[in-house]
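*Asks:* Residue numbers (the working numbering), protein chains in the order written: chain L, 66 to 393; chain X, 66 to 393; chain F, 66 to 393; chain U, 66 to 393.
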């Protein structure tokens with residue numbers, strides 16, 4: 066059993082704490098958070114101690130550190146944990162600034178460093194099943210890819226302002242998904258974006274609606290569809306068009322219940338909240354972290370993946386601003 | 066091209082007239098109906114003549130006769146057409162009285178008589194595809210069968226009173242479907258019925274809601290579900306449970322359009338009217354009649370099938386009345 | 066937090082142990098099982114102690130007892146726990162013998178006794194959503210009900226022999242579901258059953274395929290469909306036909322992935338194992354037990370429900386054996 | 066009843082001849098085609114005469130002319146029919162050359178000229194139902210639009226060579242659909258295209274796979290997905306993302322039959338052939354032409370629509386060739 070220190074006792078930190086508790090090979094030992102009450106609450110619920118980061122890193126029994134703090138601390142905390150010889154599970158994004166993220170590559174991106182970057186959707190059972198079908202070969206070569214990722218409703222405008230913008234905050238997941246499924250790096254990016262949902266978002270210089278196009282060197286095409294507001298729940302779909310047909314992953318509904326009436330059949334709503342929709346993904350991600358600490362698996366998604374997704378987000382932002390295709 | 070005489074210029078007669086017109090091998094020559102205006106209208110629309118039954122049967126150019134008149138005339142008109150050497154396409158039911166229908170078997174049921182009985186659902190492309198899957202063998206032996214057949218809304222009470230009752234008027238289609246798909250005669254019938262939809266139906270001694278159970282000698286089980294009112298359209302589904310899995314035919318919607326909203330996804334309604342739902346079946350049935358007249362096909366469903374379905378309807382009525390299982 | 070004693074460290078006992086661990090208001094204190102190694106393993110995993118039943122019942126800190134032992138011990142253990150003043154969560158069936166179960170009603174069925182009977186499907190989120198739609202009233206009165214409950218594949222023949230037979234072992238869940246949803250007691254039962262799946266099951270005097278009809282005093286009709294083998298996974302569906310339309314709960318798939326090819330679209334399989342399909346139901350059931358112990362809820366399903374379902378199972382068995390309708 | 070002259074007795078001409086026959090208000094009077102045998106066959110099947118174009122246009126009884134000849138004759142024949150005072154139903158595209166098409170606008174595009182351009186998909190009942198939902202207003206403003214239009218398999222390479230290329234031959238339908246649904250003209254076009262299906266298509270300077278972006282002045286975004294080969298049938302879907310939710314039209318299957326097995330559920334294939342998939346659209350289009358001739362309807366899609374779609378196709382081709390966004 067591996068002792069774990071958790072940095073960050075906010076919403077996503079609590080999810081990870083619960084998944085550490087449910088994972089037999091892991092035990093939560095320390096919770097680190099400047100908000101003492103939050104740290105205490107999470108620690109008490111798990112039989113762990115509140116500690117400073119220095120104290121947690123100094124304990125040789127701690128084998129893994131989960132970085133779930135504010136985005137602008139990710140690089141610093143992950144670097145310190147790596148330096149202390151701990152396995153690291155760092156939430157996405159690695160940073161909002163591409164140059165800064167790249168400059169930390171020496172410390173964080175070494176091949177021998179077990180750093181897992183929290184692109185949780187790679188661990189979603191639906192998308193994973195899709196990926197396995199693609200890899201299985203029976204569908205022929207992947208040619209084009211559609212990713213739909215629409216939020217149910219916009220986050221608070223205060224969050225939007227510090228989020229890094231739609232491309233770095235929201236599309237970043239889809240850039241990672243695209244890279245994972247395409248199996249090849251995009252070489253061209255074109256992004257068209259509008260502010261159609263909430264003028265306040267546009268007022269802050271951001272967009273709320275985008276379509277992003279990626280092309281790889283071999284000519285594979287990918288379209289990413291993003292919106293801050295769907296009006297019908299959390300729309301998370303993928304369609305992979307292959308030489309021998311189509312593989313698709315559809316949305317997940319709250320229940321299978323339908324009511325049929327004269328006006329037609331009405332199905333229950335989509336799973337609406339990302340923590341519900343991706344609950345299984347977060348659990349599987351934690352099991353993968355345990356595998357990593359046990360030496361049974363290399364990180365399924367690492368530092369270089371974070372850099373690559375961030376580079377695509379920057380390119381998309383530039384393309385949308387300039388109205389032109391960006392070549393990487 | 067075969068000349069055709071149509072007896073009956075009512076709703077179903079007009080469907081057949083249109084399908085004769087669309088079938089290149091057939092030409093409507095005569096329309097027979099005591100309602101002169103109706104006969105005239107159908108004849109004019111098709112370039113045919115109005116005639117008496119005797120005159121139509123006396124024309125040697127007439128090769129086929131379609132009997133689409135009132136139910137109590139089916140046996141008489143079909144017998145006369147057969148006696149005149151015409152091929153016959155007779156609407157269901159063959160009669161409402163089992164003994165009378167059986168007594169006509171000598172005249173009508175001979176193996177060499179090309180009589181097609183209008184169990185149109187056997188020609189529906191969905192049910193036909195299901196049947197071909199069963200016959201194809203890849204699903205293993207059929208073990209149990211569910212047939213759902215619910216009308217959108219009850220017919221006028223005046224129609225119900227002369228209809229012969231739910232078992233002979235409505236379930237008769239399902240008895241034929243069960244016999245066709247089971248590939249084996251039922252030996253036991255149990256029917257449970259209630260009047261839940263409209264007390265006026267119960268007041269006339271009929272029922273509006275039924276579940277019917279059939280068992281064959283080899284132990285295959287079948288459940289038929291009937292209702293005079295679904296509230297959500299014309300519910301016509303079949304599930305065939307086989308040794309290697311399930312084959313099912315689902316309902317047909319008016320369009321594939323769905324609207325997704327916060328409350329869930331709403332699909333367009335079912336095809337609601339039996340003449341729409343089974344339009345392709347009626348066309349295919351007429352093409353089959355042309356095949357018969359050309360000597361290219363034996364009747365896909367004949368007089369003996371009408372007798373057998375009627376016998377099941379009588380047994381079901383008896384079972385429901387007595388609350389007991391009826392052995393055939 | 067309530068201390069819990071678990072009797073039975075087998076498959077279902079382990080499920081309950083995990084759900085006790087995940088439920089914040091409960092703590093597993095004792096594990097009781099004559100198989101010492103199994104008891105030890107479950108206890109160690111939960112930080113609990115192995116104990117005898119007497120010792121566990123003697124501890125006043127224990128507020129709840131979970132009876133997950135062999136069926137023929139349910140009545141005895143539940144009675145002893147009740148006598149010791151503990152809240153009881155007893156696995157189904159209450160017993161295989163209706164007379165014996167009824168004779169224990171004095172000890173177990175009192176209105177003030179907090180006994181929860183483990184009909185887990187009432188806690189399934191899909192069926193619960195369906196039930197709420199029915200209760201909500203917008204669908205009008207429930208008229209007829211279809212329950213499909215087919216296992217993926219037959220259990221080992223040794224299990225079948227001691228199971229009490231298809232009606233008491235398998236259909237018992239569906240009888241409870243029917244009573245819950247109909248909101249009215251069935252007064253007539255007819256069961257048709259065959260041995261179509263495995264002759265060894267028939268050789269032991271049991272059946273593997275059944276269709277069961279229920280009718281209530283007001284004329285509501287219910288059909289239950291049971292099979293020991295579907296060939297396509299765990300088929301668990303409900304259709305409730307109401308005055309204003311249909312409410313249905315469909316099967317749950319492993320993932321939403323589909324592959325579209327020239328031959329059509331292929332969806333991923335159904336959730337195949339009952340512990341997966343009903344995992345959420347088992348969790349919700351344990352939360353309900355915690356509510357009961359906290360005095361916040363009366364048992365959602367109790368002793369009298371167990372008796373009623375068992376009575377229907379006996380009646381169905383009699384009907385199938387005699388080939389006749391049984392009136393209750 | 067209006068007499069009709071049909072120019073062109075090829076595949077699409079025969080479809081129109083059959084729909085004229087089925088439309089009570091129209092009668093096929095002349096068939097014009099340099100291939101005498103083809104003209105004769107179509108004429109005989111409909112009781113019409115073979116004629117030269119001049120003779121057909123000279124007959125004052127002819128009220129409507131259907132231009133279903135080779136693409137490079139569309140402008141000439143349509144102009145001559147208009148000059149002769151006939152109502153015209155002209156197949157798409159109006160021409161392959163934008164400048165030439167525009168130069169004919171004076172003769173063909175006048176507001177008082179009843180010319181119907183054959184963008185048949187506007188008459189498809191599924192897409193029409195979707196359009197009515199959008200116009201109905203209950204979904205809120207349309208914001209973004211996805212159109213998927215993938216052929217089952219590439220046409221013969223000889224056809225591809227004279228087709229005008231993917232954008233003018235295939236995407237032209239989707240440009241018209243986009244304009245119709247967006248209710249606003251696109252002002253920017255970006256097209257990314259590859260040759261992934263068949264190198265012979267690329268060898269001829271064409272592409273077989275494309276993703277096209279459109280943006281309107283108000284910021285609405287549209288993505289069109291085209292492929293010459295799906296591998297799974299004729300994929301024709303539309304998703305319209307609105308302020309209040311999503312309206313979508315899905316593919317049409319050959320039948321509703323599904324086979325459920327251990328590996329999952331397999332549905333019957335998509336309707337694979339465009340003449341099957343759009344059979345109802347072609348019929349509705351002909352009924353609309355009859356409405357036009359009767360003065361009961363203005364053309365639902367006219368010459369200016371053909372020009373606009375062709376301009377988008379040219380812009381898309383330029384964008385793909387230059388790898389840059391094209392502003393209209």
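Where a beta carbon is used, it is the ideal one built from N, C-alpha and C, also for glycine. None of the values given here were measured: they were computed from a predicted structure.
1. Taking Cβ positions, are residue 132 of chain X and residue 121 of chain X nearer each other than 8 Å?
2. Report the three-state DSSP secondary structure of residue 99 of chain X (helix, strand or coil).
3. Keeping to the same chain, check which residues put their C-beta closer than 7 Å to that of residue 392 of chain L; ignore five residues upstream and five downstream.
4. With residue 192 of chain X and residue 314 of chain X assumed to form a contact (beta carbons below 8 Å), what rounded beta-carbon distance in angstroms separates them?
5. Using a threshold of 8 Å, state whether the C-beta atoms of residue 357 of chain L and residue 179 of chain L are closer than that.
6. Find the nearest neighbour of residue 86 of chain F within the set F/387, F/383, F/351, F/372, judged by alpha-carbon distance.
7. In angstroms with no decimal places, state the Cα-to-Cα distance between residue 264 of chain X and residue 284 of chain F.
8. When you compare the CB positions of residue 377 of chain U and residue 305 of chain U, do they come within less than 8 Å of one another, or not?
9. Do residue 237 of chain L and residue 290 of chain L count as a contact pair if the criterion is CB distance below 8 Å?
10. Quick one: what's got a C-beta closer than 6 Å to residue 92 of chain U's C-beta in the same chain, skipping five residues either side?
11. What are the boundary residues of the beta strand (DSSP E) that includes residue 303 of chain X?
12. Please determine, among F/75, F/154, F/274, F/334, the residue with the shortest C-alpha to C-alpha distance to residue 103 of chain F.
13. For a test of the three-state rule: what should DSSP assign to residue 220 of chain L, helix, strand or coil?
14. Are residue 275 of chain U and residue 385 of chain U close, meaning C-beta to C-beta below 8 Å?
15. With 16 other CB atoms within 10 Å as the buried threshold, where does residue 329 of chain F fall?
16. Could you work out which residues of chain L lie near residue 310 of chain X, taking near to mean beta carbons separated by less than 7 Å?
17. Using DSSP with H/G/I as helix, E/B as strand and the rest coil, what is residue 160 of chain X?
18. Closer than 8 Å, CB to CB, is residue 367 of chain U near chain F or not?
19. I want to know whether the region 265-273 of chain X touches the region 214-225 of chain X - three or more CB-CB distances under 8 Å.
20. Residues in the same chain with beta-carbon distance under 8 Å from residue 112 of chain F, minus the five sequence neighbours each way, listed in chain order, please.
21. Output yes or no for whether 8 Å exceeds the beta carbon distance between residue 130 of chain X and residue 116 of chain X.
22. Three Cβ pairs or more, each shorter than 8 Å: is that satisfied between the region 230-245 of chain F and the region 151-158 of chain F?
23. Under 7 Å between beta-carbons, which chain U residues line up against residue 334 of chain F? List them in chain order, please.
24. For residue 345 of chain F, I'd like the list of residues in its chain whose CB is within less than 6 Å of its CB, leaving aside the five on either flank, ordered along the chain.
25. Quick check: residue 310 of chain X and residue 297 of chain F, are their CB atoms within less than 8 Å of each other?
26. Can you tell me which of U/324, U/322, U/303 puts its alpha carbon nearest to the alpha carbon of residue 316 of chain U?
27. For residue 288 of chain X, which residues in chain U fall below 8 Å Cβ to Cβ?
28. Indicate whether residue 230 of chain X and residue 382 of chain X have their beta-carbon atoms separated by less than 8 Å.
29. Return the residues of the region 183-217 of chain X that lie within a Cβ-Cβ distance of less than 7 Å from chain U, sorted by chain order.
30. Helix, strand or coil for residue 250 of chain L, going by three-state DSSP, please let me know.
31. Suppose you measure from the CA of residue 353 of chain L to the CA of residue 84 of chain L; what does that come to, to the nearest Å?
32. Do you know whose CA, among L/347, L/105, L/388, L/326, lies nearest residue 154 of chain L's CA?
33. Whole angstroms is fine: what's the gap from residue 319 of chain F's alpha carbon to residue 337 of chain F's?
34. Using three-state DSSP, classify residue 354 of chain U as helix, strand or coil.
35. Buried or exposed, going by whether 16 or more other CB atoms sit within 10 Å of the CB of residue 89 of chain U?
36. What is the DSSP secondary structure of residue 107 of chain U, reduced to helix, strand or coil?
*Replies:* Working from what's here:
1. Indexing the second chain from 1 puts residue 132 of chain X at position 67. Indexing the second chain from 1 puts residue 121 of chain X at position 56. Contact flag unset, no.
2. Reading the second chain from its first residue, position 34 is the one you call residue 99 of chain X. Residue state, collapsed to three classes: coil.
3. As a first step, residue 392 of chain L is located in the first chain; it is residue number 327 there, counting from the start. So the list reads 252, 253, once near-sequence residues are dropped.
4. For this step, residue 192 of chain X is matched to residue 127 along the second chain. For this step, residue 314 of chain X is matched to residue 249 along the second chain. The pair is a contact, with the Cβ atoms about 6 Å apart (cut-off 8 Å).
5. Indexing the first chain from 1 puts residue 357 of chain L at position 292. Indexing the first chain from 1 puts residue 179 of chain L at position 114. Yes; because the gap between Cβ atoms is below 8 Å, this pair is in contact.
6. Sequence index remark: in the third chain, residue 86 of chain F carries index 21 (1-based). The shortest C-alpha separation from residue 86 of chain F is found at F/351.
7. Start at 1 with the first residue of the second chain, and residue 264 of chain X comes out as number 199. Start at 1 with the first residue of the third chain, and residue 284 of chain F comes out as number 219. If you take the alpha carbons of residue 264 of chain X and residue 284 of chain F, they lie about 13 Å apart.
8. For the purposes of this step, residue 377 of chain U is taken as the residue at position 312 of the fourth chain. For the purposes of this step, residue 305 of chain U is taken as the residue at position 240 of the fourth chain. Going by C-beta atoms, residue 377 of chain U is not nearer than 8 Å to residue 305 of chain U.
9. The count along the first chain starts at 1 and reaches residue 290 of chain L at position 225. The count along the first chain starts at 1 and reaches residue 237 of chain L at position 172. No, Cβ-Cβ distance for residue 290 of chain L and residue 237 of chain L is not below 8 Å.
10. Against the fourth chain, residue 92 of chain U aligns to sequence position 27. Cβ within range, chain order: 66, 68.
11. To locate residue 303 of chain X, count along the second chain from 1; it is residue 238. Residue 303 of chain X -> beta strand (DSSP E) spans 300-307.
12. The residue labelled residue 103 of chain F in the question sits at position 38 within the third chain. Nearest of F/75, F/154, F/274, F/334 to residue 103 of chain F, Cα basis: F/75.
13. In the first chain, residue 220 of chain L corresponds to position 155, counting from 1. Here residue 220 of chain L sits in coil by DSSP.
14. Residue numbering aside, residue 275 of chain U sits at position 210 when the fourth chain is read from its first letter. Residue numbering aside, residue 385 of chain U sits at position 320 when the fourth chain is read from its first letter. Result yes, Cβ atoms of residue 275 of chain U and residue 385 of chain U sit closer than 8 Å.
15. As a working mapping, residue 329 of chain F is identified with position 264 in the third chain. Label assigned to residue 329 of chain F: buried.
16. Within the second chain, residue 310 of chain X is the residue found at index 245, counting from 1. Correct list: empty, because the minimum Cβ distance to chain L is about 20 Å.
17. The residue you call residue 160 of chain X lines up with position 95 of the second chain. Reduced to three states, the DSSP call for residue 160 of chain X is coil.
18. Position 302 of the fourth chain, counted from the start, is the residue given in the question as residue 367 of chain U. So no, residue 367 of chain U is outside the interface.
19. yes
20. Here residue 112 of chain F corresponds to residue number 47 of the third chain, with the count starting at 1. Around residue 112 of chain F: 93.
21. Residue 130 of chain X sits at position 65 when you count from the first residue of the second chain. Residue 116 of chain X sits at position 51 when you count from the first residue of the second chain. The answer is no: Cβ separation not under 8 Å.
22. yes
23. Reading the third chain from its first residue, position 269 is the one you call residue 334 of chain F. Within chain U, the residues near residue 334 of chain F are 327, 328, 329.
24. The count along the third chain starts at 1 and reaches residue 345 of chain F at position 280. Hits under 6 Å: 190.
25. Residue numbering aside, residue 310 of chain X sits at position 245 when the second chain is read from its first letter. Residue numbering aside, residue 297 of chain F sits at position 232 when the third chain is read from its first letter. Result yes, Cβ atoms of residue 310 of chain X and residue 297 of chain F sit closer than 8 Å.
26. Position 251 of the fourth chain, counted from the start, is the residue given in the question as residue 316 of chain U. Nearest C-alpha to residue 316 of chain U: U/303.
27. Mapped onto the second chain, residue 288 of chain X falls at position 223. Those within 8 Å of residue 288 of chain X in chain U number zero; the least Cβ separation is about 18 Å.
28. Here residue 230 of chain X refers to the residue found at position 165 when the second chain is read from its first residue. Here residue 382 of chain X refers to the residue found at position 317 when the second chain is read from its first residue. Yes, these two residues count as a Cβ contact at 8 Å.
29. 190, 191, 194, 195, 198, 204
30. Here the question's residue 250 of chain L lines up with position 185 in the first chain. Residue state, collapsed to three classes: coil.
31. Taking the first chain and counting its residues from 1, the one referred to as residue 353 of chain L is at position 288. Taking the first chain and counting its residues from 1, the one referred to as residue 84 of chain L is at position 19. Their backbone Cα atoms lie some 11 Å apart in a straight line.
32. Mapped onto the first chain, residue 154 of chain L falls at position 89. Taking only the C-alpha atoms, the option nearest residue 154 of chain L is L/347.
33. Start at 1 with the first residue of the third chain, and residue 319 of chain F comes out as number 254. Start at 1 with the first residue of the third chain, and residue 337 of chain F comes out as number 272. Their Cα atoms are separated by approximately 8 Å.
34. As a first step, residue 354 of chain U must be located in the fourth chain, where it is residue number 289. Helix at residue 354 of chain U.
35. In the fourth chain, the residue the question calls residue 89 of chain U occupies position 24. That one is exposed.
36. Your numbering for residue 107 of chain U matches position 42 in the fourth chain. Of the three classes helix, strand and coil, the one that applies to residue 107 of chain U here is helix, per DSSP.
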